[in-house]
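Residue numbers (our numbering): 266 to 467. Quick reminder that beta carbons are idealized off the backbone N, C-alpha and C, glycines included. Comments concern the structure below.
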């Protein structure tokens with residue numbers, strides 16, 4: 266945080282001095298500034314200086330910083346219907362991305378997880394899983410490729426199944442905000458990597 270202070274020369278409080286007409290005048294306490302990282306306000310007190318945030322303010326600042334860090338990481342959010350929503354942030358149209366995210370442990374799915382056979386047979390899917398590996402905590406780590414084509418807020422869906430029990434499955438909805446390819450390069454979340462540009466066909 267940065268503090269900008271203006272220094273000026275003032276007479277000490279209650280100091281007497283002579284006016285232009287020869288009468289004696291009395292100085293009043295100088296108004297001081299109390300500044301924190303978020304606000305700056307004036308107070309009527311003779312004790313000047315900078316007010317530094319106390320412990321409670323430090324905690325609130327640290328929390329907001331942690332929340333900003335969390336906003337840069339991909340998270341799998343459970344949905345009411347049992348699916349998981351994975352928000353991957355801003356992407357650029359007509360570019361291909363590698364996206365890595367983790368799902369928590371799903372008891373009904375188990376560790377022997379695979380992509381749905383129906384999705385594997387799709388000719389040119391925009392989203393496809395390239396690697397699914399179990400995690401030590403019981404969840405799974407999913408690596409997939411996504412081809413960003415349509416602009417706007419778009420969703421693509423993956424279905425993960427248990428190799429031994431095909432009736433046990435879970436759906437993953439990947440949500441992206443795809444911007445025009447001429448509108449600059451977006452800052453990618455942790456776990457998202459651009460792997461190339463695709464030809465633009467009208």
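DSSP places residue 444 in the uninterrupted beta strand (DSSP E) bounded by 434-444. For residue 451, the closest C-alpha among the options 358, 350, 338, 341 is that of 358. The residue from 459, 364, 337 with its alpha-carbon nearest to that of residue 439 is 364. In terms of CA proximity to residue 392, 422 leads the group 340, 422, 406. About 29 Å separates the Cβ atoms of residue 347 and residue 453, ruling out a contact at the 8 Å cut-off. Ranking 414, 419, 457, 412 by CA distance to the CA of residue 442 puts 419 first. Taking the Cβ atoms as the reference, residue 404 lies roughly 5 Å from residue 368, within the contact range of under 8 Å.
Separation of the CB atoms of residue 356 and residue 413 is rounded to 4 Å, and the pair is thereby assigned contact status at 8 Å. In this structure residue 425 is buried. Its beta-carbon is surrounded by 16 or more other beta-carbon atoms within 10 angstroms. The beta carbon of residue 377 sits closer than 6 Å to the beta carbons of 427, 428, 429 from its chain, once the five residues preceding and following it are set aside; these are given in chain order. Of all alpha-carbon atoms in 342, 370, 352, the one lying nearest the alpha-carbon of residue 406 is that of 370. Straight across, the Cα-Cα distance linking residue 460 with residue 447 is about 18 Å. Distance from the CA of residue 397 to the CA of residue 415, rounded to the nearest whole angstrom, comes to 26 Å. For residue 434, the CB contacts under 8 Å within the same chain, skipping 5 residues up- and downstream, are 374, 381, 424, 425, 426, 427 in chain order. Around residue 341, the same chain offers 349, 350, 351, 366, 367, 368, 369, 437 as residues with beta carbons nearer than 8 Å, after the five sequence neighbours per side are excluded. For the options 394, 361, 432, 456, the alpha carbon positioned closest to that of residue 464 is the one of 361.
The DSSP-derived three-state label of residue 413 is strand.
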